[in-house]
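Participant:
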Ligand SMILES: Nc1ncnc2c1ncn2[C@@H]1O[C@H](COP(=O)(O)OP(=O)(O)OP(=O)(O)O)[C@@H](O)[C@H]1O
Ligand SMILES: [Mg+2]
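Chains as they are written, first to last, in UniProt numbering: chain G, 1 to 253; chain L, 1 to 372.
Right, here's the structure in full:
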């Protein structure tokens, strides 16, 4: 594996008496899609929340490009180039795609108008349109309310939003869970393109063939620990499932 | 191990490849936009369609309702050409709506953010009482006394708005209940302050404002116009306005986008209360009495106008321009019925059903839009 961009060691997290993460390790490299898999309740979402600043860990350390970091909030992580595509997308359905992309980070007009809080809509729209085009997404009308888009298009908007703001790491929690075959294919292409831009992508998924199709490497979480790491090439679904369920303890990579 | 937890795609999942560009247009934060398309790069045949701002506007609720308003004006003008399309009618209607319109601008903000404010009528009364009491406490007939009274009215309104906002955001009491509570409380407090009797003594300087009509229109009309224009511009073109739409559209998304949702909502309720305070000062200026018992249905009239103008009950959609149109429609109907000798009681009947129809149409549009 290339030098890890984001690396977590010995992350521990408990909810009351329930120990959800027990010294979990995790690492992702620039330009790679790293899949994070594990059975329901293995702690995947919890780990991602910790690595994206939404939760603070009880134990362990996080390093970004070798430097030790601590996130007090998701905004801290945003400031360091780390974004998350949440499972529920968190889009505003009434607003357009461009408006969603710039939600909370609106650009203001230069000069006195900007000081009065006047939005620079044209620039925001142009930048959003360029980002959608660069990412090859099929959002046709960036002013149509997001609610009018298909599930796949909505997912694309959410992914493009995170990519526009992340220059280091993007976490995606089950981005294809609600999509049909064709839309899943498009979103997977998009995920691949995000990684090709040099961003480290972390993909949580329960769909093993999909994981093997799009990921460069796979890390398996079980009972709050990383139990296996695979290079996707040459790995089989059976191996992944074996590691997830504990039938096969191993470190194939 | 043969069991593979690979997910099958959900049955009947829609395929969007052949979907036409969406036609469901909405009022949203309408405004200028350029036209043009971008050809795709990298992702196959990508077309980004751009609806012209004119087409977008024409399919929005304010435009429909504006058309209804225009037709009403033309209808009454045709029926009574000598009585309806006169400056006197224009003056009456604009004066009638000015107080409601000021409150409706605040209500538009609150409702776009997904909230609700039933208290404005009572806050209007309370602010008027505070203004009258302040002026009589200061004594004298000077302009400065009036200015102090008006400031007190606005502050009193803001204070009620802050109470509303804090109860809703900090104590998490639903907006409907909170503002129902303050609706009663503000009216009761007004009656406590006055012993239940209207205050009818106001300084001469205020009466001067009442009787002066620059360019034929009352000062109240100018104040209402100013509030509407400023409110409309801020909602449509500023970051504050955009955050208002975001909060109303998806609170969680706004929160994750780093917006302080609670603080924003408190500000909106404070604005709504403050504008009700302005309305209180306007009402006292117009009638030279506090009209304690005359505002029980103000909030409902305002909400009717705001909803007629296309603001969604679920938040995230609405414009001040629509609200202006929505406030005008009942007033035009009322005046039109008077000049055409239709019993004016019909106005309430008609508006009631128009309101229901407007929300039904909104619902249909929503359902069509959310088909995916
Ligand atoms: N806020 C919370 N309070 C208490 N327990 C929690 C909380 N959040 C998660 N848990 C528990 O932590 C465990 C791990 O949850 P997590 O969501 O990280 O799993 P996951 O691997 O993402 O599972 P899934 O595949 O179902 O999404 C679960 O047993 C869950 O019940
Ligand atoms: Mg999860």
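Just so you know, even glycine gets a beta-carbon here, dropped at the ideal spot from N, CA and C.
Between the stretch 248-276 of chain L and chain G, which residues of the former have CB atoms less than 8 Å from a CB of the latter, in chain order?
Facilitator: Cβ contacts with chain G come from 248, 249, 250, 252, 253, 254, 256, 257, 258 and 259.
Participant: Residue 245 of chain L versus chain G: which residues are under 9 Å apart at the beta carbon?
Facilitator: The residue you call residue 245 of chain L lines up with position 245 of the second chain. By Cβ distance, chain G contributes 92, 94, 95 and 99.
Participant: Establish whether the CB of residue 316 of chain L and some CB of chain G are separated by less than 8 Å.
Facilitator: For the purposes of this step, residue 316 of chain L is taken as residue 316 along the second chain, with counting starting at 1. It does: the Cβ of residue 316 of chain L has a partner Cβ on chain G nearer than 8 Å.
Participant: Establish whether the CB of residue 182 of chain L and some CB of chain C are separated by less than 8 Å.
Facilitator: Here chain C cannot be found, since the structure's protein chains are G and L.
Participant: Taking 7 Å as the cut-off, is the beta-carbon of residue 156 of chain G closer than that to any non-hydrogen atom of ligand 1?
Facilitator: Looking up residue 156 of chain G in the first chain gives position 156. No; taking the cut-off as 7 Å, the Cβ of residue 156 of chain G has no heavy atom of ligand 1 nearer than that.
Participant: Who are the near neighbours of residue 43 of chain L in its chain, counting only those whose CB is closer than 6 Å to its CB and skipping five residues on each side?
Facilitator: As a working mapping, residue 43 of chain L is identified with position 43 in the second chain. Note that residue 43 of chain L scores 35 on pLDDT, short of 50, meaning its location in the model is unreliable; the coordinates nonetheless yield the value given after this. Excluding positions up to five away in sequence, the list is empty.
Participant: Quick check: is the beta carbon of residue 104 of chain G nearer than 8 Å to any beta carbon in chain L?
Facilitator: Start at 1 with the first residue of the first chain, and residue 104 of chain G comes out as number 104. Yes - at least one Cβ of chain L is within 8 Å of the one on residue 104 of chain G.
Participant: Would you tell me roughly how many angstroms separate the C-alpha atoms of residue 255 of chain G and residue 80 of chain G, rounded to the nearest one?
Facilitator: Residue 255 of chain G is absent from the model: chain G starts at 1 and stops at 253.
Participant: Helix or strand or just coil, what does DSSP make of residue 238 of chain L?
Facilitator: Residue 238 of chain L sits at position 238 when you count from the first residue of the second chain. Three-state DSSP puts residue 238 of chain L in a strand.
Participant: Exposed or buried, residue 361 of chain L, counting other C-beta atoms within 10 Å across all chains shown (16 or more means buried)?
Facilitator: Along the second chain, read from residue 1 onward, the residue named residue 361 of chain L stands at position 361. Burial call: exposed.
Participant: DSSP state of residue 195 of chain L, grouped into three classes?
Facilitator: Working through the second chain from its first residue, we reach residue 195 of chain L at position 195. In the structure shown, residue 195 of chain L sits in coil (DSSP, three-state: anything other than H, G, I, E or B).
Participant: Alpha carbon to alpha carbon, what distance is there between residue 168 of chain G and residue 12 of chain G?
Facilitator: As a working note, residue 12 of chain G is residue 12 in the first chain. As a working note, residue 168 of chain G is residue 168 in the first chain. One C-alpha to the other measures close to 24 Å.
Participant: By DSSP, does residue 174 of chain L sit in helix, in strand, or in coil?
Facilitator: For this step, residue 174 of chain L is matched to residue 174 along the second chain. Reduced to three states, the DSSP call for residue 174 of chain L is coil.
Participant: Looking only at DSSP bridge pairs, what is residue 6 of chain G linked to?
Facilitator: Numbered from its first residue, the first chain carries residue 6 of chain G at position 6. DSSP, once it has assigned bridges, lists G:28 and G:64 as partnering residue 6 of chain G.
Participant: When you compare the stretch 184-194 of chain G with the stretch 149-166 of chain G, are there three or more beta-carbon pairs, one atom per stretch, that lie closer than 8 Å?
Facilitator: With the cut-off at 8 Å, the stretch 184-194 of chain G and the stretch 149-166 of chain G touch.
Participant: Just checking, does the stretch 275-282 of chain L make contact with the stretch 91-107 of chain L on the three C-beta pairs under 8 Å criterion?
Facilitator: Touching, per the Cβ criterion.
Participant: Ligand 2 heavy atoms versus the CB of residue 186 of chain G: any closer than 7 Å?
Facilitator: Mapped onto the first chain, residue 186 of chain G falls at position 186. No, ligand 2 has no heavy atom inside 7 Å of this Cβ.
Participant: I need the DSSP call for residue 309 of chain L, collapsed to helix, strand or coil.
Facilitator: As a working mapping, residue 309 of chain L is identified with position 309 in the second chain. DSSP places residue 309 of chain L in coil when its eight states are reduced to three.
Participant: Who's in the neighbourhood of ligand 1, going by beta-carbon under 5 Å from any heavy atom, listed in chain order?
Facilitator: Qualifying residues come out as G:15, G:20, G:40, G:41, G:42, G:43, G:44, G:45 and G:46.
Participant: Looking only at DSSP bridge pairs, what is residue 169 of chain G linked to?
Facilitator: Locating residue 169 of chain G in the first chain gives position 169, counting from the first residue. DSSP, once it has assigned bridges, lists G:82 and G:200 as partnering residue 169 of chain G.
Participant: Consult DSSP for residue 14 of chain G and reduce its assignment to one of helix, strand or coil.
Facilitator: Mapped onto the first chain, residue 14 of chain G falls at position 14. Correct three-state label for residue 14 of chain G: strand.
Participant: Let me know the secondary structure DSSP gives residue 181 of chain G once reduced to three states.
Facilitator: Position 181 of the first chain, counting from 1, holds the residue named residue 181 of chain G. DSSP places residue 181 of chain G in helix when its eight states are reduced to three.
Participant: Mind reading off the beta-carbon distance from residue 227 of chain L to residue 275 of chain L? Whole number of angstroms is fine, and I expect it under 8 Å.
Facilitator: Numbered from its first residue, the second chain carries residue 227 of chain L at position 227. Numbered from its first residue, the second chain carries residue 275 of chain L at position 275. Correct: roughly 7 Å between the Cβ atoms.
Participant: Examine ligand 2 and report whether any of its heavy atoms sits within less than 7 Å of the Cβ of residue 173 of chain G.
Facilitator: Position 173 of the first chain holds residue 173 of chain G. Residue 173 of chain G Cβ: within cutoff of ligand 2.
Participant: If I measure Cβ to Cβ from residue 79 of chain L and keep anything under 6 Å in the same chain, skipping five residues before and after, which residues do I get?
Facilitator: In the second chain, the residue the question calls residue 79 of chain L occupies position 79. Result list for residue 79 of chain L: 340, in chain order.
Participant: Report yes or no: do three or more beta-carbon pairs, one from the stretch 137-148 of chain G and one from the stretch 92-101 of chain G, lie closer than 8 Å?
Facilitator: Enough Cβ pairs lie closer than 8 Å, so yes.
Participant: With a CB to CB cut of under 8 Å and the five nearest residues on each side skipped, what residues in its chain are close to residue 200 of chain G?
Facilitator: Taking the first residue of the first chain as position 1, residue 200 of chain G is located at position 200. 5, 6, 28, 29, 30, 31, 32, 34, 168, 169 and 170.
Participant: Can you find a C-beta in chain G that's less than 8 Å from the C-beta of residue 323 of chain L?
Facilitator: In the second chain, residue 323 of chain L corresponds to position 323, counting from 1. Closer than 8 Å: no.
Participant: Could you work out which residues of chain L lie near residue 118 of chain G, taking near to mean beta carbons separated by less than 7 Å?
Facilitator: As a working mapping, residue 118 of chain G is identified with position 118 in the first chain. Per Cβ cutoff of 7 Å: 237 and 238.
Participant: What residues from chain G crowd round residue 80 of chain L, counting only those whose CB sits closer than 9 Å?
Facilitator: In the second chain, residue 80 of chain L corresponds to position 80, counting from 1. Under the 9 Å cutoff, chain G gives no residues; its nearest Cβ is about 41 Å from residue 80 of chain L.
Participant: Give me the chain L residues within the contact set of residue 74 of chain G, using Cβ-Cβ distance strictly less than 9 Å, ordered along the chain.
Facilitator: The count along the first chain starts at 1 and reaches residue 74 of chain G at position 74. What residue 74 of chain G touches in chain L: 256 and 258.
Participant: Alpha carbon to alpha carbon, what distance is there between residue 302 of chain L and residue 249 of chain L?
Facilitator: By 1-based counting over the second chain, the position of residue 249 of chain L is 249. By 1-based counting over the second chain, the position of residue 302 of chain L is 302. Cα to Cα, residue 249 of chain L sits roughly 22 Å from residue 302 of chain L.
Participant: Of the residues G:108, G:195 and G:218, which one's Cα is nearest the Cα of residue 205 of chain G?
Facilitator: As a first step, residue 205 of chain G is located in the first chain; it is residue number 205 there, counting from the start. The shortest Cα separation from residue 205 of chain G among G:108, G:195 and G:218 belongs to G:218.
Participant: Would you give the residue range spanned by the alpha helix (DSSP H) that residue 37 of chain G belongs to?
Facilitator: Looking up residue 37 of chain G in the first chain gives position 37. From DSSP, residue 37 of chain G is part of no alpha helix (DSSP H) but of the beta strand (DSSP E) over 33-37.
Participant: In whole angstroms, what is the alpha-carbon distance linking residue 135 of chain G and residue 122 of chain G?
Facilitator: Locating residue 135 of chain G in the first chain gives position 135, counting from the first residue. Locating residue 122 of chain G in the first chain gives position 122, counting from the first residue. Computed Cα separation, rounded: 20 Å.
Participant: In whole angstroms, what separates the C-alpha of residue 312 of chain L from that of residue 61 of chain L?
Facilitator: For the purposes of this step, residue 312 of chain L is taken as residue 312 along the second chain, with counting starting at 1. For the purposes of this step, residue 61 of chain L is taken as residue 61 along the second chain, with counting starting at 1. Between residue 312 of chain L and residue 61 of chain L, the C-alpha separation is close to 10 Å.
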